[in-house]
Structures are given as structure tokens and as C-alpha cells.
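Numbering (UniProt numbering), first residue to last: 1 to 107. Taking it in order: structure first as C-alpha cells, then the write-up.
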Amino acid sequence: MTAIELSAASAAGVVGSYVLQFDSDGPSGTAEVKQEGGRLVMLAPRLPKEELIPQSETEFVMGTLGWRVTFKREAGGKATGMTVDGGGWSSRGRGSRSKRTGAARSR
Numbered sequence: 001m002t003a004i005e006l007s008a009a010s011a012a013g014v015v016g017s018y019v020l021q022f023d024s025d026g027p028s029g030t031a032e033v034k035q036e037g038g039r040l041v042m043l044a045p046r047l048p049k050e051e052l053i054p055q056s057e058t059e060f061v062m063g064t065l066g067w068r069v070t071f072k073r074e075a076g077g078k079a080t081g082m083t084v085d086g087g088g089w090s091s092r093g094r095g096s097r098s099k100r101t102g103a104a105r106s107r
């Protein structure tokens with residue numbers, strides 16, 4: 001796994017909250033992407049804190065689990081959505097800078 005170095009602006013573009021939905025019944029939890037000590041981390045329900053290792057401006061890998069996290073960015077670089085793929089499920093969503101909403105579906 002080869003990590004790249006993100007600019008501060010690029011890293012800041014994915015920071016925020018993502019409401020995850022694991023089925024059609026509604027939200028199942030909130031994932032938070034934060035900057036800690038020069039790295040991006042994700043905190044999500046039922047998962048350990050995971051470092052997000054950048055593979056590109058939009059593709060990341062969770063450091064311990066190896067799950068893939070993909071951010072959809074608008075032209076200005078701000079993330080408008082996030083997909084988490086791993087552990088037998090995939091979550092997808094969209095949202096705004098301050099609060100991102102998402103939907104997840106079982107695989």
C-alpha cells in the first residue's frame with residue numbers, strides 16, 4: 001500500500017460528519033472524519049478509530065482493517081459524499097461540508 005501526501009486543503013476537504021444508513025429503515029450511526037496530528041482518522045460506530053491512508057485525492061484505505069474509503073469531491077475540492085467498502089458491506093452517501101448524510105446497503 002503506497003500512501004501519498006495530501007495538501008492541507010485537500011485533507012480539510014474531507015473532514016466532517018457522515019450519517020451512515022445500513023438499511024432502508026433510517027440512519028444507523030455517524031462516522032466522523034477528523035485531522036489528528038497531521039493525519040486523517042475516522043471514528044464510526046462499532047469500529048475502532050482508523051487512520052485513513054491516502055492513496056489518491058479521493059481514495060483512502062483504513063490502516064488496520066484495510067477497507068477502502070472513497071470521497072466524491074466537487075470542483076472546489078470539498079467532499080460531497082463518502083463510500084466505505086469492506087467487511088461484507090458498502091455504505092454510500094452525500095452531504096454538505098458541515099454535516100454529511102449517507103446511505104449504506106448490504107452486499
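We treat Cβ as the ideally placed atom computed from N, Cα and C, and that holds for glycine. These numbers were taken from a predicted model, which means no experiment stands behind them.
Would you mind stating whether residue i and residue j have Cβ atoms separated by less than 7 Å?
i      : j      : result
Pro-45 : Gly-66 : no
Ala-3  : Pro-48 : no
Val-84 : Val-69 : yes
Gly-81 : Lys-72 : yes
Gly-38 : Gly-77 : no
Glu-32 : Ser-17 : yes
To the nearest angstrom, report how far apart residue i and residue j are at their CA atoms.
i      : j      : result
Ala-79 : Lys-34 : 13 Å
Ala-11 : Val-41 : 11 Å
Val-19 : Ser-56 : 23 Å
Gly-63 : Leu-43 : 13 Å
Glu-51 : Ala-9  : 18 Å
Thr-58 : Val-15 : 12 Å
Got a sec, what are the start and stop residues for the beta strand (DSSP E) residue i sits in?
i      : result
Ala-3  : From DSSP, Ala-3 is part of no beta strand (DSSP E); its letter is neither H nor E.
Gly-63 : No beta strand (DSSP E) holds Gly-63; DSSP gives it neither H nor E.
Val-15 : Per DSSP, Val-15 belongs to no beta strand (DSSP E) and is neither H nor E.
Gln-55 : Counting along the chain, Gln-55 falls outside any beta strand (DSSP E), and DSSP gives it neither H nor E.
Glu-36 : 29-36
Gly-86 : 79-86
Taking the alpha helix (DSSP H) that residue i belongs to, which residues open and close that run?
i      : result
Ala-44 : Ala-44 -> no alpha helix (DSSP H), and no H or E assigned at all.
Ser-10 : 8-12
Buried or exposed: which applies to residue i, given that a residue is buried once 16 or more other Cβ atoms fall within 10 Å of its Cβ?
i      : result
Glu-5  : exposed
Ala-75 : exposed
Is the CB of residue i under 7 Å away from at least one CB in chain B?
i      : result
Val-33 : This model lacks chain B altogether; it includes just one protein chain.
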